[in-house]
Amino acid sequence: MHNPHIEESTPRQADLTGVLLAGGRSRRMGRDKARLFFAGQPLYQRALELLHRFCRHVLIAGSRPDLERPGLPSLPDRYPGSALGGLYTGLLAATTDWILVAPCDMPWPDARIVERMLTVRQGHDAVVPRTPDGYEPVFALYHKNCLGRMEEMLRQGQYRIYDFYRRIDIRYLDPPELPDGWQRSLVNINTPEQLARLLEEES
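Counted the way the working numbering counts, the sequence shown spans residues 26 to 228.
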């Protein structure tokens, strides 16, 4: 069953590259999260469909030759082991000013959130959903302006995404601006127990 919200997206953006983040080690899951089956398809495919809706070009940040296909390259992280390193890999490789990033473990990515991020991005370096549970750094928009600050931190061995956010002009999307059902849309699958619970809810 496909996510119905993906079908409602706006036309592809010429200045936007899609970046699927798939360089994590899935420690808590104990196996590759990207290839977990959820609602009849590999989990990564759900995020990939959303990225293709908005972006003419899509790439994978992380060494994932098993997920590659024509027009979908995977790029080893230059600074592996962190979300910031994955964002840097994608942003450096993109030929557009902006990237839209999505993780490989999000079962219900919502195009309406992307549409809202796109409407408020002008004049900012990044647009990131922010909820009472914290930031959503891996389902967000980033501009090439971020590259210098990212590289500076990564070269110094600093990987905290929240420290990076203090160094850029960031626009947060708070719950009043998010569409109904955003709590479900921003779920990531991290453990076998969580996967089993969500599969039961979906069935």
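For each residue, glycine too, the CB sits at the ideal point set by N, CA and C.
Beta strand (DSSP E) segment containing residue i, residue limits
| i | result |
| --- | --- |
| A165 | 165-168 |
| V139 | Run containing V139: none in the beta strand (DSSP E); it sits in the alpha helix (DSSP H), 136-144. |
| T216 | Careful: T216 lies outside any beta strand (DSSP E) and carries neither H nor E. |
| L45 | 38-46 |
Limits of the unbroken alpha helix (DSSP H) element including residue i
| i | result |
| --- | --- |
| L92 | Where L92 is concerned, there is no enclosing alpha helix (DSSP H), given that its DSSP letter is neither H nor E. |
| Q70 | 68-79 |
Under 8 Å between C-beta atoms of residue i and residue j
| i | j | result |
| --- | --- | --- |
| Q134 | L75 | According to the sequence shown, residue 134 is Pro rather than Gln. Yes, they are a contact pair. |
| Y167 | L112 | yes |
| P162 | A118 | no |
| Q147 | C80 | no |
| P157 | N213 | no |
| C171 | I138 | no |
| P207 | P201 | In the sequence as presented, Pro is not what sits at residue 207; that position holds Trp. Contact: no. |
| L97 | F164 | no |
| T121 | T42 | yes |
Sequence-distant residues of the same chain with beta carbon closer than 7 Å to residue i, five excluded per side
| i | result |
| --- | --- |
| I195 | H149, D150, A151, V153 |
| G115 | V44, L84, A86, I124, V126 |
| L92 | A47, A59, Y69, I85, S99 |
| A72 | L45, A127, P128, C129, M131, P134 |
Same chain, Cβ closer than 8 Å to residue i, five either side skipped, listed in chain order
| i | result |
| --- | --- |
| A110 | Looking at the sequence shown, residue 110 is not Ala but Gly. Once the five neighbours on either side are set aside, the close Cβ partners of G110 are G48, D102, R103, Y104, L179, Y184. |
Cut-off 6 Å between Cβ atoms - residues of its own chain near residue i, not counting five sequence neighbours on either side
| i | result |
| --- | --- |
| R89 | A47, S99 |
| I186 | A108, L109, P162 |
| R209 | W133 |
*Return the chain-ordered ranges of every beta strand (DSSP E) run that is complete within the stretch 150-211 and spans a minimum of 3 residues.*
151-156, 165-168, 195-198
*At what residue ranges does the stretch 85-130 contain a whole run of the alpha helix (DSSP H), taking only runs of 4 or more?*
108-118
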